[in-house]
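*Asks:*
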Amino acid sequence: MEEKKSKVTLHGMWASRYSKRVEIALKLKGLCYEYVEEDLKNKSESLIQLNPVHKKIPVLVHDGKPVAESLVILEYIDQTWKNSPRFFPEDPYERAQVQFWVSYINQQVFEVMGRVMFQEGEAQAKSVEEARERIKVLEEGLKKHFPNKNIRGNDDVGLLEIIIITTFGVHKVIHEALGVEIIDPVNTPTLYNWIERLQDLTVMKEVEVPHDTLLNFLHIYRQKRLQMAANA
């Protein structure tokens, strides 16, 4: 008897790093899914019903059952579809290190990078230095805890790699948009190399936003935020 296939739907938004996390995870697992693009200024009734608490993307719907919050979704995918690659290491200590650095990126690095994006002048310069300091801590952590990491294919991609590529994969576009460089091969060679290797994977190219589209989006979004701050 033929096995019934699961129905998987992802509600996301093309420019969201959180949505990209889930897209990458689904593609790494080789899953067929339907993608629903949400307009965050005019959220669909489906999104509100599926995620009534936060009313945000991403939301994964598996056989009618919704799962919200990107990290929760990634764990759900890994526990539901146990084929390679596995996103969470089996070794408890290695798993703890992965979770620690994922938390560090989410709580410490992304926050300050956001400030860099939406500031100008002296305030921005101060945030740039802070961002470089925090990323240097990440650089040292990667070298210490994952010294033999070699990214050659999909099987080498786990939770930490997904978070790194969706957080830092656009660093060159940000450099172009702002004239500010935070990640480079001289000061952060380990992180830079991880990003380069990940971007070479076909699965990453499949979800990559075209350069000009992303650059234009960053310019417009930055100007809106700066204008809002000026009017506050």
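Quick note on full-length UniProt numbering: the sequence shown kicks off at 1 and runs consecutively. Quick reminder that beta carbons are idealized off the backbone N, C-alpha and C, glycines included.
1) Go ahead and label Asp-200 buried or exposed: buried means 16 or more other beta carbons lie within 10 angstroms of its beta carbon, across all protein chains shown.
2) State buried or exposed for Asp-78, treating a residue as buried only when at least 16 other CB atoms are found within 10 Å of its CB.
3) Just reading off the beta strand (DSSP E) that Glu-34 is part of, what are its end residues?
4) Quick check: is the beta carbon of Asp-200 nearer than 9 Å to any beta carbon in chain D?
5) Is Thr-9 helix, strand or coil when you go by DSSP?
6) Between the Cα of Lys-65 and those of Leu-40, Ser-6 and Val-186, spot the shortest distance and give me the residue it belongs to.
7) Kindly list the residues whose CB is nearer than 7 Å to the CB of Glu-181, restricted to its own chain and excluding five residues on each side of it in sequence; keep chain order.
8) Once DSSP output is grouped into helix, strand and coil, what is the label at Glu-2?
9) Run through DSSP, which three-state label would Leu-60 get?
10) Report yes if the CB atom of Asp-155 is closer than 9 Å to the CB atom of Pro-85, and no otherwise.
11) Rounded C-beta distance between Leu-60 and Tyr-76? I'm assuming under 8 Å.
12) Just to confirm the assignment, what range does the beta strand (DSSP E) spanning Val-67 have?
13) Looking only at its chain, what residues have a beta carbon closer than 8 Å to the beta carbon of Lys-43, apart from the 5 residues adjacent to it on each side?
14) What residue range does the alpha helix (DSSP H) around Asn-216 cover?
15) How big is the Cα-Cα spacing for Arg-95 and Lys-149?
16) So, does the segment 194–211 touch the segment 121–141, judging by three or more C-beta pairs under 8 Å?
17) Can you give me the C-alpha to C-alpha distance between Ala-230 and Gln-119, rounded to a whole angstrom?
18) Taking Glu-133 as the reference, which of Phe-146, Pro-210, Gly-121 and Met-113 has the closest Cα?
19) Ends of the alpha helix (DSSP H) at Trp-194?
20) Taking Glu-38 as the reference, which of Lys-27, Ala-25, Ser-16 and Tyr-221 has the closest Cα?
21) Specify, as a first and last residue, the run of the alpha helix (DSSP H) that Lys-20 falls within.
22) Below 6 Å CB to CB, which residues in the same chain sit around Leu-34 once its five sequence neighbours on both sides are set aside?
23) In whole angstroms, what is the alpha-carbon distance linking Lys-20 and Pro-147?
*Replies:* The relevant details are as follows:
1) The residue labelled residue 200 in the question sits at position 200 within the sequence shown. Under this definition Asp-200 is an exposed residue.
2) Here residue 78 refers to the residue found at position 78 of the sequence shown. Under this definition Asp-78 is a buried residue.
3) Here residue 34 is taken as the residue at index 34 of the sequence shown, counted from 1. From DSSP, the beta strand (DSSP E) with Glu-34 extends over 34–37.
4) Considering every chain present, this structure includes no chain D. It has just one protein chain.
5) Within the sequence shown, numbered from 1, the residue matching residue 9 stands at position 9. Three-state DSSP puts Thr-9 in a strand.
6) Start at 1 with the first residue of the sequence shown, and residue 65 comes out as number 65. The candidate whose alpha carbon is nearest that of Lys-65 is Ser-6.
7) In the sequence shown, the residue the question calls residue 181 occupies position 181. The residues are His-175.
8) Locating residue 2 in the sequence shown gives position 2, where the first residue counts as 1. Low confidence applies here, because Glu-2 scores a pLDDT of 38, under 50, leaving its location unreliable; read the following figure in that light. Here Glu-2 sits in coil by DSSP.
9) Taking the first residue of the sequence shown as 1, we reach residue 60 at position 60. Three-state result, Leu-60: strand.
10) On the sequence shown, position 155 is the one that residue 155 refers to. On the sequence shown, position 85 is the one that residue 85 refers to. Yes.
11) Here residue 60 is taken as the residue at index 60 of the sequence shown, counted from 1. Here residue 76 is taken as the residue at index 76 of the sequence shown, counted from 1. The pair is a contact, with the Cβ atoms about 7 Å apart (cut-off 8 Å).
12) For the purposes of this step, residue 67 is taken as residue 67 along the sequence shown, with counting starting at 1. Unbroken beta strand (DSSP E) run through Val-67: 65–68.
13) If you number the sequence shown from 1, residue 43 lands on position 43. Excluding sequence neighbours, Lys-43 sits near Lys-55.
14) Position 216 of the sequence shown holds residue 216. Per DSSP, Asn-216 belongs to the alpha helix (DSSP H) from 211–231.
15) In the sequence shown, the residue the question calls residue 95 occupies position 95. In the sequence shown, the residue the question calls residue 149 occupies position 149. Roughly 14 Å separates the two Cα atoms.
16) no
17) Start at 1 with the first residue of the sequence shown, and residue 230 comes out as number 230. Start at 1 with the first residue of the sequence shown, and residue 119 comes out as number 119. Distance between the alpha carbons of Ala-230 and Gln-119: 11 Å.
18) On the sequence shown, position 133 is the one that residue 133 refers to. Answer by Cα proximity: Met-113.
19) As a working mapping, residue 194 is identified with position 194 in the sequence shown. Taken as a continuous stretch (DSSP letters only), the alpha helix (DSSP H) holding Trp-194 covers 189–199.
20) On the sequence shown, residue 38 is found 38 positions in, with the first residue counted as 1. Nearest C-alpha to Glu-38: Ser-16.
21) By one-based count along the sequence shown, residue 20 stands at place 20. Segment 17–28, the alpha helix (DSSP H) holding Lys-20.
22) Numbered from 1 along the sequence shown, position 34 holds the residue referred to as residue 34. The question names Leu, yet the displayed sequence has Glu at residue 34. Result list for Glu-34: Thr-9, in chain order.
23) Within the sequence shown, numbered from 1, the residue matching residue 20 stands at position 20. Within the sequence shown, numbered from 1, the residue matching residue 147 stands at position 147. Those two C-alpha atoms are separated by around 27 Å.
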